[in-house]
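In the numbering used here, the protein residues as written are 479 to 832. A virtual CB, placed ideally from N, CA and C, is assigned to each residue, including glycine. Here is the structure we will look at.
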Amino acid sequence: MRVLLVKTSSMGDIIHTLPALTDARRLVPEITFDWVVEEGFAEIPAWHPAVAEVIPVAIRRWRKHPFRAWRSGEWARFRQRLGQRDYDLVIDAQGLLKSALLTRYARARTVGLDADSAREPLASRFYDCGIKVPKGQHAVERVRQLMAEALGYECPTELGDYGLSRSYLAGEQPFEAYLLFLHGTTWASKHWPEAYWRELAERMVAKGFTILLPWGNDIERARAERIADGLPGVQVLPKTSLAGMAKILAGASACVAVDTGLGHLAAALDVPTVSLFGPTNPGYTGAYGRSQTHLASDWPGCVPCMNKKCTYEPTPDDARRFDLRREQPLCFTRLNPARVESQLDAMLQETRQT
479 MRVLLVKTSS
489 MGDIIHTLPA
499 LTDARRLVPE
509 ITFDWVVEEG
519 FAEIPAWHPA
529 VAEVIPVAIR
539 RWRKHPFRAW
549 RSGEWARFRQ
559 RLGQRDYDLV
569 IDAQGLLKSA
579 LLTRYARART
589 VGLDADSARE
599 PLASRFYDCG
609 IKVPKGQHAV
619 ERVRQLMAEA
629 LGYECPTELG
639 DYGLSRSYLA
649 GEQPFEAYLL
659 FLHGTTWASK
669 HWPEAYWREL
679 AERMVAKGFT
689 ILLPWGNDIE
699 RARAERIADG
709 LPGVQVLPKT
719 SLAGMAKILA
729 GASACVAVDT
739 GLGHLAAALD
749 VPTVSLFGPT
759 NPGYTGAYGR
769 SQTHLASDWP
779 GCVPCMNKKC
789 TYEPTPDDAR
799 RFDLRREQPL
809 CFTRLNPARV
819 ESQLDAMLQE
829 TRQT
């Protein structure tokens, strides 16, 4: 059985889809998947043994330069590639108009989330069959339920398995035991204060740990360099591919992460991780798996706000209690470095005992 899966982005969404493939491969042994994914994340699906072919798409780039995409023939070649194979089924696991439109170029019956379940209800009009999957639960479980209903098996109740081999991806490690601080994220409101990263690094270096700081753009690199400045035992990593980053993650003793795609990748590799949540809800999109600790802010009347930019107006009392220049957004003051250090210590101690 050959199934075309459409799940183009983001990194976290792609990683959250992997346990559903593991379920399907275990319960429908003859199944294989081709996966349509945004070109920047094309390495990830190939790590799963149920994926036969990865089909990159460049929607983000094509949106910026549509005429160039049309004139170069990229769009035409992508459409031709989707139509080359007869599939038994097409599953849109994204539930957006952009993903639903892509399903129309494949020759097979299409299924996806119904209008009550999809993030963009209009997407359901493009499917031959819409499947109801209740909201208000973790994204991993929603995709597992969609896959089970689409392929006709009962959704497993045990914790999902990403199907990745941590030892294989880790390979030979160039570092001794180390911690990873995953400080980069997309929304301004999801950033743990830089001063907190610096203080936590100081605390962990004092205990003899090596700290590695990855980065993905110039802003993140500059932040990493400021965090590491003058601290022996803190290293700013060179820029690397997703496969290279997976190797470094797989070899880590533990991670501290904000709500970011690399935090989800750490969870997929079963790396013990303390994840920090201010404006977002870990119950819906938190790092899913074993050895995962979520610290969520309980700032009164404000979180989870789901706003990309903090709109909270500090009070005079806030100004007296906090450094409003260095401790923003204020919801993260509930997750100060001492509290994170305590959770990280407990996690590392538990890991040593197992």
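One Cα belongs to A684, the other to Y674, and the distance between them is close to 15 Å. DSSP places Y656 inside the beta strand (DSSP E), whose first and last residues are 656–660. Scanning its chain for C-beta atoms nearer than 7 Å, with the 5 sequence neighbours on each side dropped, one finds around V481 the residues I509, F511, Y565, D566, L567, I569, in chain order. At the C-beta level, G573 and R541 stay beyond 7 Å of one another. Fully contained in the stretch 682–734 are the following beta strand (DSSP E) runs of length 3 or more, in chain order: 688–691, 712–714. Counting the other Cβ atoms within 10 Å of the Cβ of F545 gives fewer than 16, which makes it exposed. In the structure shown, H772 adopts extended strand secondary structure according to DSSP, grouped into three states.
Taking V818 as the centre and dropping the five residues before and after it, the same chain places the C-beta of Y674, L678, V734, V752, L754, L773 closer than 8 Å to its C-beta, in chain order.
Scanning its chain for C-beta atoms nearer than 6 Å, with the 5 sequence neighbours on each side dropped, one finds around P782 the residues P757, T758, N759, in chain order. For V529, the enclosing beta strand (DSSP E) begins and ends at 529–535. Contact between P692 and M723 holds: their C-beta atoms lie close to 6 Å from each other, under 8 Å. For E680 and T789, the gap between their C-alpha atoms comes out near 31 Å. Using a Cβ-Cβ distance cut-off of 8 Å, the stretch 552–564 and the stretch 576–584 are in contact, since at least three pairs of beta carbons, one from each stretch, lie closer than that value.
Each of R799, L802, H661, L808 was checked against the Cα of C780, and the nearest Cα belongs to L808. Within the DSSP secondary-structure output, I493 pairs in no beta bridge. Cβ-Cβ distances below 7 Å link F800 to L808, T811 in the same chain, with the five nearest sequence neighbours on each side left out; the list follows chain order. Between S487 and E516, the C-beta gap is smaller than 7 Å, which places the two residues in contact. Secondary structure note for T663: it is in no alpha helix (DSSP H), with a DSSP letter that is neither H nor E. The C-alpha of M479 is placed about 34 Å away from the C-alpha of S769. The beta carbons of I537 and K576 sit about 6 Å from each other, so the pair counts as a contact at 8 Å. In this structure, the CA atom of G662 is about 7 Å from the CA atom of V736. Between the stretch 612–626 and the stretch 497–504 there are three or more C-beta pairs closer than 8 Å, enough to call the two in contact.
Excluding five sequence positions before and after D796, the CB atoms of its chain that fall closer than 8 Å to its own CB belong to L802, L808, given in chain order. G608 has G590 as its beta-bridge partners, per DSSP. A residue is called buried when at least 16 other Cβ atoms come within 10 angstroms of its Cβ; P716 does not meet this threshold and is exposed. DSSP, read as helix, strand or coil, puts W540 in helix. With respect to the 7 Å criterion, T688 and G711 are classified as neighbours on the basis of their beta carbons.
Exposure of G630 is indicated by the presence of fewer than 16 other C-beta atoms within 10 angstroms of its C-beta.
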